[in-house]
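A.B. asks: This is the structure I have questions about; it appears just below.
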Amino acid sequence: MASTTRVVAPESAPSTPTTPAYRTDLDGLRGIAITLVACFHVWFGKVSGGVDVFLTLSGYFFIGSLLRHAIYAQKPHVTFRDTLNPWPRLKRLLRRLLPALITVLLAVTVLTVLILPDTRWANIGHEIVASALYYQNWYLAENSQDYLAASSANSPLQHIWSMSMQGQFFVLTLVVALLFAGLLKLLAKAVRPFADPRVIKVLVFAAVLVVALGSFWWAHRGMAINQPYNYYSTISRLWEPLVGGLLAIWLPSLRVPNWVRNLATVGALGLIISCGWWIDGVNEYPGPMALFPVGATLVIIWAGATALQRPAHGAHAAPDVMPVANRALASTWPVWLGTIAYSLYLWHWPLLIFYLTWRDKNHANFIEGVGILAVSIGLAWLTKRYIEDPLREGDRSALAHGDRQGRSRWLSYTSVVTAILVAGTVVAGVGIKLWERHVDNIVVDTKNLDPRLYPGARALLEGWPVPAVDPQPSALEVIQDFPETSTDGFMSDFTDNEIHVGVYGDPNATRTIALAGGSHAEMWISALDTLGKRNGFKVKTYLKMGCPLSTNKVPKQRGVPYPECYDWGQRVIEEIIADKPDAVFTNSTRPRDYKPGDWVPPDYVPIFDRFLDAGIPVFGMRDTPWPKNAKGTIDTPICLADGGDAESCGSRRAAVLAPEDPALELAATRPDFHPLDMSKGICTDDFCPAIVGNITVYKDPHHLSATFVRSLIDELGRQMALAIPWAGPDVP
1 MASTTRVVAP
11 ESAPSTPTTP
21 AYRTDLDGLR
31 GIAITLVACF
41 HVWFGKVSGG
51 VDVFLTLSGY
61 FFIGSLLRHA
71 IYAQKPHVTF
81 RDTLNPWPRL
91 KRLLRRLLPA
101 LITVLLAVTV
111 LTVLILPDTR
121 WANIGHEIVA
131 SALYYQNWYL
141 AENSQDYLAA
151 SSANSPLQHI
161 WSMSMQGQFF
171 VLTLVVALLF
181 AGLLKLLAKA
191 VRPFADPRVI
201 KVLVFAAVLV
211 VALGSFWWAH
221 RGMAINQPYN
231 YYSTISRLWE
241 PLVGGLLAIW
251 LPSLRVPNWV
261 RNLATVGALG
271 LIISCGWWID
281 GVNEYPGPMA
291 LFPVGATLVI
301 IWAGATALQR
311 PAHGAHAAPD
321 VMPVANRALA
331 STWPVWLGTI
341 AYSLYLWHWP
351 LLIFYLTWRD
361 KNHANFIEGV
371 GILAVSIGLA
381 WLTKRYIEDP
391 LREGDRSALA
401 HGDRQGRSRW
411 LSYTSVVTAI
421 LVAGTVVAGV
431 GIKLWERHVD
441 NIVVDTKNLD
451 PRLYPGARAL
461 LEGWPVPAVD
471 PQPSALEVIQ
481 DFPETSTDGF
491 MSDFTDNEIH
501 VGVYGDPNAT
511 RTIALAGGSH
521 AEMWISALDT
531 LGKRNGFKVK
541 TYLKMGCPLS
551 TNKVPKQRGV
561 PYPECYDWGQ
571 RVIEEIIADK
581 PDAVFTNSTR
591 PRDYKPGDWV
601 PPDYVPIFDR
611 FLDAGIPVFG
621 MRDTPWPKNA
631 KGTIDTPICL
641 ADGGDAESCG
651 SRRAAVLAPE
661 DPALELAATR
671 PDFHPLDMSK
681 GICTDDFCPA
691 IVGNITVYKD
701 PHHLSATFVR
711 SLIDELGRQM
721 ALAIPWAGPD
731 VP
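With full-length UniProt numbering, letter number 324 in the sequence shown gets 324, and the count goes up by one each step, no holes.
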């Protein structure tokens, strides 16, 4: 995307070694690649391999250019300052990459405020900053966002991961190459062969090969460890541009008939165009299967390059010496698409996501897709013509006439555009920070809600009337409605393997309930804390994000192996048994992954039995319904903020819960296992609303809000008292 087929000499060194011919066929290849990327995103919901083509081309041109600089730097008249100065090339990178990117980021900022619900603004703000500073790939890797079919729930900036990766590659490679050139210049004073271009090529080839092989191994290894993270990782992706660089360093000059080159180009194009259909890119790239689009790109570069004589700097390759297939790539429309590929890549994805969100759809039909692509192409051309080209080339190409008046006008134009982009960036940055601060400072004060106005679960359990008032917390506030253990620091996060024990309820009580597990156990502290204070028992918490107690040695969190969970859980179980509480409170069920309803995972049962064998009763809380509909998972705050209501943001009960608590079978054979089921306070007989009794039920896709949990206090106490009388409200 950000690569270019013209290689320009450093500004500080106007007389570099001979530069390869301008490859219009590679412009055409970029045009084919961006067409594949856009079409697969819009219609097919698959990864096309086009990004891998871009990465390979970037490495071919960039490393080739740096190699020529390293060779030229050995000339006696070239100073160390010119050898090591990164600014000329870095300035060209910034002028080439930033104007279009900033333009799109400003557009995304405006469209986010106009189209997306305010519950998404903070996260999009984080991604705008990450995209502008070129670490979006790492942001997405840490959040493990799958890059698959577009839907209204996707981020409008998810595609910037590849631009961030390329930007990191450019800067890292530039710094290393300049330092290497400087080192060679020092060594050449003592050992003359270090100034020999052939020696330099061998050294650079060996270094790049070693790093590329290491990256390839890392990518292959990462597929089995954490593929969502691996997909975005710069370390895993680095081998793709590096192998392009290897071809730039050593391009085989075998004398091969044109018909062989034609066949090679046609076959390589076939691989590039078709690989999106038969390779599951999200789960296979950047591992070995990425060799197909990457290798095919190398073949096309080789087939067109080895037939050419090297003309003077800036000249175009003579079309009659190129293979016919490469000449086809150099035809008008592929080349034109290639020239706008960078801007088209930037525009097409956010336009698609904003359109799907506006229309409340997860997929675009053929006509809609054509419209989105047409608008994307138009905006890409306008961006290139009026933003990229003037700011990239300045006076030299903005006007062909060269008169002072015209030059002055273009200077004025570029100055105005630059000022607008800079001012827009500053305003957007300040706005993002202010909004983030506003969201972070939201305090949910709902502990003293009037139950006559906000009955919550009581409306379903006891038939309390529901007056016409706005629900609490609001859609924006509820995302901050955390249980007490999260705000008090007693919830271990994914990377924290320490056991942080919190004490709630009546801290002086002689009876103790141990609350243990993941976030779906944690939710209930907001009720257990009050029950403990009312009924004279202490609650000790043993909690870790995404970590229900289980015998699974390699559990997964969002599809990613999470071995730390097992180790933490085993230590927690041993500590609880040694502490001998009067009961353990933990989750007993979980939603099924690929079927409606919920179940008791087999790896939960041995944990229950360990507690029971130690003489500790177990309260097994049935997990809450995880909202979903025909379109997929429902994020309740986002759905409500986007104009939804209790019904449209709710779920059919049959889709999210089994007809009865699956843990009842365990209770039949284990007298001290006590199942708890709050589903009647969350759902009717056939539906689970997003708002119950004027209280928003969920704070995110599947965690109850602390406010709603508090409306279940009486029902939870009643059920616990039926099992163990001292835990209930009637015990003095």
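Cβ atoms here follow ideal geometry from the backbone N, Cα and C, with glycine treated the same way.
Just so you know, these numbers come straight off a predicted model, no measurement behind them.
Per DSSP, what are the beta-bridge partners of GLN557 in this structure?
C.D. replies: Taking the first residue of the sequence shown as 1, we reach residue 557 at position 557. Its beta-bridge partners are VAL560.
A.B. asks: Within 10 angstroms of its Cβ, does LEU716 collect 16 or more other Cβ (buried), or is it exposed?
C.D. replies: Translated into the one-based positions of the sequence shown, residue 716 becomes position 716. Buried is the call here.
A.B. asks: Within 10 angstroms of the Cβ of TRP161, are there 16 or more other Cβ atoms? Answer buried if so, exposed if not.
C.D. replies: As a working note, residue 161 is residue 161 in the sequence shown. Burial is judged here by how many other beta carbons sit within 10 angstroms of a residue's own beta carbon; TRP161 has at least 16 and is buried.
A.B. asks: Would you please state the rounded distance, in angstroms, between the beta carbons of HIS520 and ASN629? I believe it to be under 8 Å.
C.D. replies: Along the sequence shown, read from residue 1 onward, the residue named residue 520 stands at position 520. Along the sequence shown, read from residue 1 onward, the residue named residue 629 stands at position 629. That pair is no contact at about 21 Å.
A.B. asks: Does DSSP classify THR173 as helix, strand or coil?
C.D. replies: The residue labelled residue 173 in the question sits at position 173 within the sequence shown. In this structure, THR173 counts as helix in the three-state DSSP scheme.
A.B. asks: In the DSSP assignment, what are the bridge partners of ARG571?
C.D. replies: On the sequence shown, position 571 is the one that residue 571 refers to. Note: ARG571 sits in no beta bridge, so no partner.
A.B. asks: Between the alpha carbons of PRO14 and VAL191, how many angstroms are there, rounded?
C.D. replies: Walking along the sequence shown from the start, residue 14 turns up at place 14. Walking along the sequence shown from the start, residue 191 turns up at place 191. Note that PRO14 scores 40 on pLDDT, short of 50, meaning its location in the model is unreliable and no value can be drawn from it.
A.B. asks: Could you check whether the Cβ of GLY167 sits closer than 8 Å to any heavy atom belonging to the ligand PLP?
C.D. replies: Ligands are entirely absent from the displayed structure, and the ligand PLP is therefore not among its contents.
A.B. asks: Going by alpha carbons, who is nearest to VAL108 out of LEU298, HIS348, ILE225?
C.D. replies: Within the sequence shown, the letter at position 108 stands for residue 108. The shortest Cα separation from VAL108 among LEU298, HIS348, ILE225 belongs to HIS348.
A.B. asks: Flag this pair as touching only if the segment 502-513 and the segment 524-532 have three or more C-beta atom pairs under 8 Å; answer yes or no.
C.D. replies: yes
A.B. asks: Please tell me whether ASN365 and ALA303 are closer than 9 Å, where the distance is taken between their beta carbons.
C.D. replies: Taking the first residue of the sequence shown as 1, we reach residue 365 at position 365. Taking the first residue of the sequence shown as 1, we reach residue 303 at position 303. Taking the C-beta atoms as reference points, ALA303 is found no nearer than 9 Å to ASN365.
A.B. asks: Put SER550 into one of helix, strand or coil per three-state DSSP.
C.D. replies: Against the sequence shown, residue 550 aligns to sequence position 550. The answer is coil: DSSP assigns SER550 none of H, G, I, E or B.
A.B. asks: Determine which residues share a DSSP beta bridge with SER164 and list them.
C.D. replies: Within the sequence shown, the letter at position 164 stands for residue 164. According to DSSP, which records beta bridges pairwise, SER164 is partnered with nothing at all.
A.B. asks: For the beta strand (DSSP E) containing LYS361, name the first residue and the last one.
C.D. replies: Working through the sequence shown from its first residue, we reach residue 361 at position 361. No beta strand (DSSP E) holds LYS361; DSSP gives it neither H nor E.
A.B. asks: Return helix, strand or coil for PRO675, following the three-state DSSP convention.
C.D. replies: Along the sequence shown, read from residue 1 onward, the residue named residue 675 stands at position 675. In the structure shown, PRO675 sits in a strand (DSSP, three-state: E or B).
A.B. asks: Quick check on the DSSP output: the beta strand (DSSP E) that includes MET621 runs from which residue to which?
C.D. replies: As a first step, residue 621 must be located in the sequence shown, where it is residue number 621. Unbroken beta strand (DSSP E) run through MET621: 618-621.
A.B. asks: In angstroms, rounded to a whole number, what distance separates the CA positions of GLY182 and PHE80?
C.D. replies: Here residue 182 is taken as the residue at index 182 of the sequence shown, counted from 1. Here residue 80 is taken as the residue at index 80 of the sequence shown, counted from 1. Going from the Cα of GLY182 to the Cα of PHE80 covers about 7 Å.
A.B. asks: Tell me, to the nearest whole angstrom, how far the beta carbon of VAL42 is from that of LEU373; I am working on the premise that it is less than 8 Å.
C.D. replies: As a first step, residue 42 is located in the sequence shown; it is residue number 42 there, counting from the start. As a first step, residue 373 is located in the sequence shown; it is residue number 373 there, counting from the start. Correct: roughly 6 Å between the Cβ atoms.
A.B. asks: Considering only C-alpha positions, which residue in the set THR669, PRO701, GLU393 is nearest to CYS639?
C.D. replies: Sequence index remark: in the sequence shown, residue 639 carries index 639 (1-based). With distances taken between Cα atoms, CYS639 lies closest to PRO701.
A.B. asks: Helix, strand or coil, according to DSSP, for ASP598 in the structure here?
C.D. replies: On the sequence shown, position 598 is the one that residue 598 refers to. ASP598: strand per DSSP, three-state reduction.
A.B. asks: Let me confirm a value: TRP281 is counted as buried when at least 16 other C-beta atoms fall within 10 Å, else exposed. Which label applies?
C.D. replies: As a position in the sequence shown, residue 281 is number 281, starting the count at 1. Note on residue identity: the sequence assigns Gly, not Trp, to residue 281. With a 10 Å radius around the Cβ and a threshold of 16 neighbouring Cβ atoms, GLY281 comes out buried.
A.B. asks: May I ask you to report which of helix, strand or coil DSSP gives ASN326?
C.D. replies: Indexing the sequence shown from 1 puts residue 326 at position 326. In the structure shown, ASN326 adopts helical secondary structure according to DSSP, grouped into three states.
A.B. asks: Are the segment 96-110 and the segment 69-78 in contact at 8 Å, needing three or more beta carbon pairs?
C.D. replies: no
A.B. asks: Let me know if ASP677 comes out buried or exposed under the rule of 16 or more other beta-carbons within 10 Å of its beta-carbon.
C.D. replies: Walking along the sequence shown from the start, residue 677 turns up at place 677. That one is buried.
A.B. asks: Does the segment 695-714 come within contact of the segment 614-628, defined as at least 3 CB pairs closer than 8 Å?
C.D. replies: yes
A.B. asks: What separation, rounded to the nearest whole angstrom, lies between the Cα atoms of THR414 and ALA428?
C.D. replies: Stepping through the sequence shown from its first residue, residue 414 is reached at position 414. Stepping through the sequence shown from its first residue, residue 428 is reached at position 428. Roughly 21 Å separates the two Cα atoms.
A.B. asks: How big is the Cα-Cα spacing for ALA667 and ASN283?
C.D. replies: Residue numbering aside, residue 667 sits at position 667 when the sequence shown is read from its first letter. Residue numbering aside, residue 283 sits at position 283 when the sequence shown is read from its first letter. The alpha-carbon atoms of ALA667 and ASN283 are separated by roughly 41 Å.
A.B. asks: Are the Cβ atoms of GLU436 and ALA130 separated by less than 9 Å?
C.D. replies: Start at 1 with the first residue of the sequence shown, and residue 436 comes out as number 436. Start at 1 with the first residue of the sequence shown, and residue 130 comes out as number 130. Contact: no.
A.B. asks: Under 8 Å: do the segment 59-70 and the segment 30-49 share three or more Cβ pairs, one atom per stretch?
C.D. replies: no
A.B. asks: Within 10 angstroms of the Cβ of LEU269, are there 16 or more other Cβ atoms? Answer buried if so, exposed if not.
C.D. replies: Taking the first residue of the sequence shown as 1, we reach residue 269 at position 269. Flag for LEU269 reads buried.
A.B. asks: Counting only the same chain and skipping the five closest in sequence on each side, list residues whose C-beta sits under 6 Å from that of LEU55.
C.D. replies: By one-based count along the sequence shown, residue 55 stands at place 55. The residues are GLU240, PRO241.
A.B. asks: Alpha carbons only, please: which of PRO257, ALA33, VAL243 is nearest the one belonging to LEU251?
C.D. replies: Your numbering for residue 251 matches position 251 in the sequence shown. Answer by Cα proximity: VAL243.
A.B. asks: If you draw a straight line from the alpha carbon of PRO197 to that of LYS553, how long is it in whole angstroms?
C.D. replies: For the purposes of this step, residue 197 is identified with residue 197 of the sequence shown, where counting begins at 1. For the purposes of this step, residue 553 is identified with residue 553 of the sequence shown, where counting begins at 1. Straight-line Cα distance between these residues: approximately 55 Å.
A.B. asks: What are the uninterrupted segments assigned as alpha helix (DSSP H) that are 4 or more residues long and contained completely in the segment 479-550, given in chain order?
C.D. replies: 484-488, 519-522, 525-535
A.B. asks: So for VAL294, helix, strand or coil by DSSP?
C.D. replies: As a position in the sequence shown, residue 294 is number 294, starting the count at 1. Here VAL294 sits in helix by DSSP.
A.B. asks: In the structure shown, what three-state DSSP assignment does SER651 receive?
C.D. replies: One-based indexing of the sequence shown puts residue 651 at position 651. Of the three classes helix, strand and coil, the one that applies to SER651 here is strand, per DSSP.
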